[in-house]
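These notes are about the structure you will find just below.
Numbering (the working numbering), first residue to last: 906 to 1062.
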């Protein structure tokens, strides 16, 4: 009897673990449509604004929020600052890794140029010893662009 109960419990746990739940936006809900303005880069990192823009375009368009019209809000992002931190290695034979933290300020402007929403987002990426901080930009910008898109999706304008 104990084996049967254990087997049922094990199969139940495996089926729950294998079940793929996902979040789906309600297609009937009115999503905020935005036009993306090129991002400003106030850091010393090369091409950081372009990398952020490419991730924002990809994320916003995948959520159906990117549009190019004259009468919709404009999203203006600024890569405001960065910081670097050494992530110590647990082994002397392994190379050190570094964390690059970026801070992005996002503003939503209405059709008349008036600020209707503003927020600051922070996330990070990592790169290996011998690499450049720019190597972590892809990871950090991807995470920040997702944060921005989710924040915009929760707005009701």
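Beta carbons: idealized from backbone N, C-alpha and C, even for Gly.
Compute the distance between the beta-carbons of residue i and residue j, then report whether it is under 7 angstroms.
{"i": "residue 1021", "j": "residue 970", "result": "no"}
{"i": "residue 1029", "j": "residue 1005", "result": "yes"}
{"i": "residue 948", "j": "residue 987", "result": "yes"}
Between which residues of its own chain and residue i is the CB-CB distance below 7 angstroms, once the five residues before and five after are set aside?
{"i": "residue 1033", "result": "1000, 1002"}
{"i": "residue 991", "result": "1001, 1003"}
{"i": "residue 1047", "result": "960"}
If residue i sits next to residue j, beta carbons under 8 angstroms apart, how far is it from one beta carbon to the other, in whole angstroms?
{"i": "residue 967", "j": "residue 954", "result": "At roughly 20 angstroms, the Cβ-Cβ gap does not stay under 8 angstroms, so residue 967 and residue 954 are not in contact."}
{"i": "residue 941", "j": "residue 965", "result": "7 angstroms"}
Starting from the C-beta of residue i, find all residues in its chain whose C-beta is less than 6 angstroms away, skip the five residues before and the five after it, and write them out in chain order.
{"i": "residue 982", "result": "944, 1009, 1011"}
{"i": "residue 1044", "result": "1030"}
{"i": "residue 1051", "result": "964"}
{"i": "residue 1023", "result": "1012"}
Looking only at DSSP bridge pairs, what is residue i linked to?
{"i": "residue 992", "result": "1002"}
{"i": "residue 981", "result": "1012"}
{"i": "residue 986", "result": "1008"}
{"i": "residue 1030", "result": "1005"}
{"i": "residue 1020", "result": "1014"}
{"i": "residue 971", "result": "939"}
{"i": "residue 945", "result": "983"}
{"i": "residue 1025", "result": "1010"}
Find the nearest neighbour of residue i within the set the options, judged by alpha-carbon distance.
{"i": "residue 937", "options": "959, 986, 1013", "result": "1013"}
{"i": "residue 975", "options": "1055, 1052, 1035, 1017", "result": "1017"}
{"i": "residue 951", "options": "1054, 1061, 1040", "result": "1040"}
{"i": "residue 1056", "options": "977, 1035, 961", "result": "961"}
{"i": "residue 1053", "options": "993, 980, 946", "result": "980"}
{"i": "residue 1038", "options": "989, 909, 978, 1050", "result": "989"}
{"i": "residue 984", "options": "1050, 1007, 1051, 908", "result": "1007"}
{"i": "residue 1060", "options": "978, 998, 909", "result": "978"}
For residue i, which residues from the same chain have a beta carbon less than 8 angstroms from its beta carbon, with the 5 sequence-adjacent residues on both sides left out?
{"i": "residue 933", "result": "Note that residue 933 scores a pLDDT of 45, beneath 50, so its modelled location is shaky; the value from the coordinates is reported in the next line. Cβ neighbours of residue 933 beyond the five flanking positions: none."}
{"i": "residue 1035", "result": "1000"}
{"i": "residue 1058", "result": "930, 936, 937, 968, 970"}
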